[in-house]
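Trainee: In this text, residue positions in the sequence shown follow our numbering: the first is 3, and each later residue adds one.
Note that CB positions come from ideal geometry on N, CA and C, so glycine has one too.
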Amino acid sequence: MIAPGTDLSGYVVVDHIGTGGMGEVYRALDTKLGRDVAIKLLPVEYADEEDAVRRLTQEARVLASLNHPNIATLHGLEADGEFCFLVMELVPGETLEDRLQRSPMGAEEVRAVFLQIAGGLVAAHSRSVVHRDLKPANIKLPGNERVKILDFGLAKVLGADSVDLAPHATSSLTEGPGDADRADAPEASFPFQALHSGQLPSPSRPGEMMVGTPGYMSPEQAFGDPVDAATDLWGLGCCLYEALAGKRAFEVATFSDVATAIIVGQPDWSLIDGAPPALRDLVYQCLEKEPRRRPESAEVVSQQLRTAVLSEPGAEHAESVRPTPSLEQRLFDMSRDCLCIASLDGFLKRVNPAFVSTLGWSAAEFYGRPFIEFVHPDDRDATIVEMSKLAQGIPTLHFANRYECSDGNYKTLYWSAQVEPEQGLLYGVARLAPGEQGQHDAWLGLAG
C-alpha cells in the first residue's frame, strides 16, 4: 500500500480506492493541473517484471483507443522510480454493486443505466476490445452524470494482432492465460508426455485457463474457449439480472462452483418474474449458455432497451420464453450413454448426467482434474496410445479401459471417439461392460 501524501511525479496520493484487475487504485491530486485523478499502480513486486509492465502499457493503449463518454478516460501512463502507473479520470459516486446492496432497481432506472453500459460496450467492441470482466463493481454510477465502465485490466483485443492483457500466471481466479483463446494460436496438439506424468495445467489452478470473475464468468470463459463480444453480453446479462432481482444470478466463488453453476445450472428465474417482459426477455437472451444464441451485438441490446415497453396493461402477466437448451444439448443430457467432450490439453470440458451417475463424481470434479487421473494406472499407457491415434485423425472404436468411481472401485468403459481438428475437441461416447451395465440399470430402476 502507498501511504497518503506520497508524491509520484506530481501526483500526490490521497487514499486507497480499491483493487483492479491488475494493480491497486488510488485517489490522487494532480498538482500540475489541480484536479483529482485515479491512479492505477503496478505493485512494486511486479514493477521489474517485463511482462507486467507490458500488460499495463497495453491496457493504456486499449483505453487510449476508447474515447467514449461511458468509458473512464485515460489521462496518461507515468513512471516514478520503481512505480509504473496509469493516470485516469476519477469517477465520483457509487458503483452498481454499491447501489444494488440497497435494493433492486426499477424498470426505468434499469433502462437508463443499462442503455449507457450497452453504449460503452458498443464503443469497445467497435475497436475489437472485449472487456471480459463486466460486473457491478466495474460500473460507476456518478449521480446525474454519465455511467462509466471501469477496469479494462483483463481486456482482450481481438483480431490478427490479438492482445491479451491477462497475466500468464496469477494467484487469482479473476485472471488467466495469454494465448489460450488467441485467434492466431498454433494448431492444438495432444501433450502426451505431460499427460503421462500428470503435469498438466488444471482449470482449478488459478491463472492458467480462466479469465474473469467467477460469479460473472461466461461458460466459454470457464471452459477456456475463445471469447468474443458475446462474452461481454453474458456479463451484461448477469448485471441486468442482479439489477432486477437484487441477487446475483450465480452465487459462486471457486472454480468448482463455476463448473456446476454457470456451465450447468440456471439462475432463479422466479426472482425476475415481476419485471417487464421486455427486460426479462433480454436477460434470458444474454444468459444463453451458447454464445451464438445471445443477442447479435451490444448495439442490438441497446436497441432493445431503447424500444422496450416497460409498462403496459397486463405486462406483469405476459409470457416470456426462458432460455431453453438446444436440441443437441437436450440429446446430450438425455442419453443413457456416457457422453463427453474433452480438449486436447487433457481435460474434460463437458460430461452428461449419465457420465456423472455412472462413475459417481460431480461435473466439477471431472472438470478439475486431467481425465487420465480417472483411468486405472494399468490402463493409462494404452489410453495414451489411443489418444495419440485420435490426435492423428484415427477414430477410436470399442476401446476398453477402466475408470475410477467416486467410491474407489473401477468400472470398465467401452469407448468410441473422434477428434474435430478445427475445434481442437475430442467427442467420446462410452458404455459400461455388459454385466456392469445390467447392474447399473438395476440400480437406477431401469432394468426389466
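(1) Excluding sequence positions up to five away, which residues of its chain have a Cβ less than 6 Å from the Cβ of Phe401?
(2) Let me confirm a value: Leu399 is counted as buried when at least 16 other C-beta atoms fall within 10 Å, else exposed. Which label applies?
(3) Between which residues of its own chain and Pro397 is the CB-CB distance below 6 Å, once the five residues before and five after are set aside?
(4) Which partner residues does Cys457 have in the DSSP bridge list?
(5) Cα separation between His58 and Leu88?
(6) Between Tyr243 and Ala232, how many whole angstroms is the CB-CB distance? I'm expecting something under 8 Å.
(7) Using the three-state DSSP reduction, which class does Ala5 fall into: helix, strand or coil?
(8) Gln287 to Arg296, Cα distance in whole Å?
(9) What are the complete beta strand (DSSP E) segments, minimum 3 residues, inside the stretch 398-436?
(10) For Val64, is the classification buried or exposed, using 16 other Cβ atoms within 10 angstroms of its Cβ as the cut-off for buried?
(11) Look up Ala74 in the DSSP assignment and say whether it is helix, strand or coil.
(12) Could you check whether the Cβ of Leu160 sits closer than 9 Å to any Cβ belonging to chain E?
(13) Using 8 Å as the cut-off, can you tell me whether the stretch 131-139 makes contact with the stretch 105-116, which would need three or more C-beta pairs spanning the two stretches below that distance?
(14) Scan the stretch 7-37 and note each continuous alpha helix (DSSP H) run of 4 residues or more that stays entirely inside, going in chain order.
(15) Look up Thr97 in the DSSP assignment and say whether it is helix, strand or coil.
(16) Measure the alpha-carbon distance for Leu238 versus Pro138 and round it to whole angstroms.
(17) Could you work out which residue in Leu346, Leu307 and Glu406 is closest to Val358 when comparing CA atoms only?
(18) Using the Cα positions of Leu92 and Leu346, report the straight-line distance between them to the nearest angstrom.
(19) Using the C-alpha atoms, what's the distance from His77 back to Lys34?
(20) Nearest-angstrom Cα distance between Leu289 and Phe368?
(21) What residue from Pro269, Met219, Asp100 and Ala245 has the CA that sits closest to Asp234's CA?
(22) Is the distance from the Cβ of Val303 to the Cβ of Leu123 below 9 Å?
(23) Sort Lys249, Gln425 and Ile4 by Cα distance to Asp82 and report the nearest one.
(24) Is any heavy atom in the ligand MG found nearer than 8 Å to the beta carbon of Pro293?
(25) Quick one, are the C-beta atoms of Val27 and Lys42 less than 9 Å apart?
(26) Among the candidates Gly267, Ile265, Val266 and Arg282, whose CA atom is the shortest distance from the CA of Leu273?
(27) Which residue's Cα is closest to the Cα of Pro379: Arg404, Ala365 and Gly395?
(28) Counting only the same chain and skipping the five closest in sequence on each side, list residues whose C-beta sits under 6 Å from that of Leu415.
(29) I need the straight-line Cα distance from Ile386 to Glu422, nearest angstrom please.
(30) Can you tell which of Ala344, Ala356, Ala280 and Pro71 has its C-alpha closest to the C-alpha of Met336?
(31) Determine, using beta carbons only, whether Phe225 and Lys351 come nearer to each other than 9 Å.
(32) Of all the options Ile141, Gly145, Thr75 and Arg113, which has the alpha carbon lying nearest to the alpha carbon of Gly95?
(33) On the three-state DSSP scale, how would you describe Arg352?
(34) On the CB-based measure, 16 or more other CB atoms within 10 Å of its CB, does Leu333 come out buried or exposed?
(35) What separation, rounded to the nearest whole angstrom, lies between the Cα atoms of Asp339 and Asp383?
Mentor: In this structure, then:
(1) Here residue 401 is taken as the residue at index 399 of the sequence shown, counted from 1. The residues are Glu388 and Trp417.
(2) Here residue 399 is taken as the residue at index 397 of the sequence shown, counted from 1. By the neighbour-count criterion, in which 16 or more other beta carbons inside 10 Å mark a residue as buried, Leu399 falls on the exposed side.
(3) Start at 1 with the first residue of the sequence shown, and residue 397 comes out as number 395. In its chain, beyond the 5 residues on either side, Gln420 have a beta carbon closer than 6 Å to the beta carbon of Pro397.
(4) For the chain, the structure presents residues 3 to 450; residue 457 sits outside this window and is missing.
(5) Here residue 58 refers to the residue found at position 56 of the sequence shown. Here residue 88 refers to the residue found at position 86 of the sequence shown. As written in the sequence, residue 58 is Leu, which differs from the His given in the question. If you draw a straight line from the Cα of Leu58 to the Cα of Leu88, it is about 8 Å long.
(6) Here residue 243 refers to the residue found at position 241 of the sequence shown. Here residue 232 refers to the residue found at position 230 of the sequence shown. 16 Å between Cβ atoms; not a contact.
(7) Translated into positions along the sequence shown, residue 5 becomes position 3. Coil at Ala5, not helix or strand.
(8) Working through the sequence shown from its first residue, we reach residue 287 at position 285. Working through the sequence shown from its first residue, we reach residue 296 at position 294. When rounded, the distance between both Cα atoms is 5 Å.
(9) Listed in chain order, the complete beta strand (DSSP E) runs (minimum 3 residues) inside the stretch 398-436 are 398-406, 412-422 and 427-434.
(10) The residue given as residue 64 occupies position 62 in the sequence shown. Here Val64 is buried: its Cβ has 16 or more other Cβ atoms, across all protein chains shown, within 10 Å.
(11) Your numbering for residue 74 matches position 72 in the sequence shown. Reduced to three states, the DSSP call for Ala74 is coil.
(12) Judged by its chain identifiers, the structure shown contains no chain E, having just a single protein chain.
(13) Cβ pair count under 8 Å is below three, so no.
(14) Restricted to the stretch 7-37, not a single alpha helix (DSSP H) segment is unbroken, complete and at least 4 residues in length.
(15) Along the sequence shown, one-based indexing puts residue 97 at 95. In the structure shown, Thr97 sits in a strand (DSSP, three-state: E or B).
(16) What you label residue 238 is simply residue 236 of the sequence shown in a count that begins at 1. What you label residue 138 is simply residue 136 of the sequence shown in a count that begins at 1. C-alpha separation (whole angstroms): 9 Å.
(17) Counting from 1 along the sequence shown, the entry for residue 358 is found at position 356. For Val358, the closest alpha carbon among the candidates Leu346, Leu307 and Glu406 is that of Glu406.
(18) Taking the sequence shown and counting its residues from 1, one reaches residue 92 at position 90. Taking the sequence shown and counting its residues from 1, one reaches residue 346 at position 344. Between Leu92 and Leu346, the C-alpha separation is close to 45 Å.
(19) As a position in the sequence shown, residue 34 is number 32, starting the count at 1. As a position in the sequence shown, residue 77 is number 75, starting the count at 1. Approximately 13 Å between the Cα atoms of the pair.
(20) By 1-based counting over the sequence shown, the position of residue 289 is 287. By 1-based counting over the sequence shown, the position of residue 368 is 366. Roughly 24 Å separates the two Cα atoms.
(21) For the purposes of this step, residue 234 is taken as the residue at position 232 of the sequence shown. Ranking Pro269, Met219, Asp100 and Ala245 by Cα distance to Asp234 puts Met219 first.
(22) Here residue 303 refers to the residue found at position 301 of the sequence shown. Here residue 123 refers to the residue found at position 121 of the sequence shown. A Cβ-Cβ contact shorter than 9 Å links Val303 with Leu123.
(23) Residue mapping note: residue 82 aligns to position 80 of the sequence shown, counting from 1. The residue from Lys249, Gln425 and Ile4 with its alpha-carbon nearest to that of Asp82 is Ile4.
(24) The ligand MG is not among the ligands present in this structure, which contains no ligands whatsoever.
(25) Along the sequence shown, one-based indexing puts residue 27 at 25. Along the sequence shown, one-based indexing puts residue 42 at 40. Yes, the Cβ-Cβ distance between Val27 and Lys42 is below 9 Å.
(26) Within the sequence shown, numbered from 1, the residue matching residue 273 stands at position 271. Comparing Cα-Cα distances from Leu273 to each of Gly267, Ile265, Val266 and Arg282, the minimum goes to Arg282.
(27) For this step, residue 379 is matched to residue 377 along the sequence shown. The residue with the shortest Cα to Cα distance from Pro379 is Arg404.
(28) Numbered from 1 along the sequence shown, position 413 holds the residue referred to as residue 415. Closer than 6 Å at Cβ, skipping near neighbours: Tyr405 and Ala432.
(29) Taking the sequence shown and counting its residues from 1, the one referred to as residue 386 is at position 384. Taking the sequence shown and counting its residues from 1, the one referred to as residue 422 is at position 420. The alpha-carbon separation between Ile386 and Glu422 amounts to approximately 18 Å.
(30) Translated into positions along the sequence shown, residue 336 becomes position 334. Restricting attention to Ala344, Ala356, Ala280 and Pro71, the CA atom closest to the CA of Met336 is found in Ala356.
(31) Residue mapping note: residue 225 aligns to position 223 of the sequence shown, counting from 1. Residue mapping note: residue 351 aligns to position 349 of the sequence shown, counting from 1. In this structure, Lys351 lies closer than 9 Å to Phe225 by Cβ.
(32) Counted from its first residue, the sequence shown places residue 95 at position 93. The candidate whose alpha carbon is nearest that of Gly95 is Gly145.
(33) Sequence index remark: in the sequence shown, residue 352 carries index 350 (1-based). If DSSP states are grouped into helix, strand and coil, Arg352 belongs with the strands.
(34) By one-based count along the sequence shown, residue 333 stands at place 331. Counting Cβ neighbours within 10 Å, Leu333 comes out exposed, since fewer than 16 surround it.
(35) Here residue 339 is taken as the residue at index 337 of the sequence shown, counted from 1. Here residue 383 is taken as the residue at index 381 of the sequence shown, counted from 1. Near 25 Å, if we compare the C-alpha coordinates of Asp383 and Asp339.
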